Amino acid sequence: MKVGFIGAGNMAEAMIGSLIEAKQLLPHELSVSDISPERRAVIKQRFRVNVYSKNQVIPGVADVLFIAVKPQQLADVLGEIASGVGRQHLLISIVAGKKLEFIQSMLPQARVVRVMPNLPCTVSEGMSVFCMAPEASVADKQMASRLLSYFGEVLELPEEHFDAVTALSGSGPAFFSYFLNQMVTAAVGEGLSRENALLLAGQTMLGTAKLLIGKKIDPVDLIKAVASARGTTAAGLEVLGRSDLPGIISQTIKAAAKRSAELSV
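Under our numbering, the first residue of the sequence shown carries the number 712, and numbering increases by one thereafter.
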């Protein structure tokens with residue numbers, strides 16, 4: 712198997728690194744194109760993979776094509792590679808907001824998988840949600856799932872859910888970071904240094920996520936387990952309960968999902 716990346720931004724760089732580190736591909740089995748000489752130099756020096764300045768080269772040297780460009784660049788990029796893409800190619804798009812129908816309209820021969828990854832993919836702890844075009848096969852699904860699994864967890868959902876996915880797991884790292892930063896700022900107000908507060912809050916967030924996922928605990932049950940009667944957690948939860956935090960979070964997700972729908976084509 713030979714894999715190509717069109718676009719060599721941070722997400723693509725992280726994915727290339729994960730594939731090589733997992734020993735799924737050797738450097739010579741990976742090809743990367745990017746219009747930026749600086750990005751090509753970074754990728755070449757770090758991974759020793761094949762790099763090209765022209766996108767249209769990639770379909771000729773790879774069976775699986777990752778499209779990792781900015782949304783506003785996608786139409787031009789697909790136009791560049793269209794003549795070289797056929798039914799032998801599995802195309803995996805991680806371009807935000809661009810639907811299967813749009814990609815298929817420009818590459819009718821390709822078997823297309825659309826993916827919504829998130830930033831933690833850059834540390835192999837990502838959440839990638841994918842959907843497939845009708846032409847994609849069971850084997851394509853297995854291939855996409857396997858490749859994406861090297862960047863974190865993988866879930867298949869219908870494309871109709873992608874606006875909600877974008878709001879939750881795509882935008883979620885920023886929302887979690889916003890809440891964490893507020894906790895850190897409050898802890899600094901209680902006398903902690905920001906450095907120590909960041910460590911305490913960050914590790915607590917990481918450990919809580921691992922606990923919830925690893926032991927398959929519902930968040931409601933974890934809250935009950937931590938909050939003893941008349942204890943410190945209960946005192947804090949009482950404040951949260953009097954606030955409109957649930958409404959604010961609901962509005963936040965709705966706003967992000969609405970914007971995702973507006974940007975999708």
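Note that beta-carbon positions come from the ideal geometry of N, C-alpha and C, so glycine has one too.
Just so you know, these numbers come straight off a predicted model, no measurement behind them.
Check, Outcome
"Please report the residue range of the alpha helix (DSSP H) in which R798 lies.", "R798 -> no alpha helix (DSSP H), and no H or E assigned at all."
"Per the contact definition of three or more C-beta pairs closer than 8 Å, is the stretch 961-975 in contact with the stretch 871-882?", "yes"
"Checking 8 Å against the spacing of the C-beta atoms, do D851 and L818 come in under that value?", "no"
"How about E906: is its C-beta nearer than 8 Å to some C-beta of chain D?", "Any reference to chain D falls outside this structure, which holds one protein chain only."
"By how many angstroms is the C-alpha of S888 removed from the C-alpha of V775?", "34 Å"
"Give me the Cβ distance between V796 and A821, rounded to the nearest whole Å; I'm assuming they're in contact under 8 Å.", "5 Å"
"Is the beta carbon of S882 less than 8 Å from the beta carbon of G863?", "no"
"Under the DSSP definition of a beta bridge, which residues are partnered with I778?", "I717, S804"
"Taking just the CA atoms, how far does V823 sit from A807?", "15 Å"
"Tell me which residues share the same chain as V865 and place their Cβ nearer than 6 Å to its Cβ, disregarding the 5 neighbours each side in the sequence.", "S839, S856, L859"
"Starting from R953, follow the alpha helix (DSSP H) in both directions and report where the run begins and ends.", "943-953"
"Skipping 5 residues on each side, what residues in its chain have a beta carbon closer than 7 Å to that of T944?", "V937, A938"
"Would you kindly report the start and end of the unbroken beta strand (DSSP E) that includes R825?", "822-827"
"Give me the residue from V931, I746, L730, E724 with the minimum Cα distance to Q756.", "E724"
"Within its chain, find whatever has a CB closer than 6 Å to the CB of K713; leave out the 5 residues flanking it on each side and keep chain order.", "E740, A773, D774"
"Does DSSP put E836 in a helix, in a strand, or in coil?", "coil"
"Helix, strand or coil for Y889 per DSSP?", "helix"
"What is the C-beta distance between V976 and K809, in whole angstroms, given that I count them as a contact (C-beta under 8 Å)?", "6 Å"
"Should A844 and L811 be called a contact, given that it needs their Cβ atoms to be closer than 8 Å?", "yes"
"Within 10 angstroms of its Cβ, does D745 collect 16 or more other Cβ (buried), or is it exposed?", "buried"
"From R751 to P957, what distance separates their C-alpha atoms?", "45 Å"
"Is it right to say I803 is buried, meaning 16 or more other beta carbons lie within 10 angstroms of its own, or is it exposed?", "buried"
"Roughly how many angstroms separate the alpha carbons of M894 and L974, rounded to a whole number?", "32 Å"
"According to DSSP, is E846 helix, strand or coil?", "coil"
"Beta strand (DSSP E) containing E867: first to last residue?", "863-867"
"Where does A885 land, buried or exposed, given buried means 16+ other C-beta within 10 angstroms?", "exposed"
"Taking 8 Å as the limit between beta carbons, can you name the residues of its chain near G715, skipping five residues before and five after?", "L741, S742, V743, S744, I769, P770, V772, A773, V775, L776, F777"
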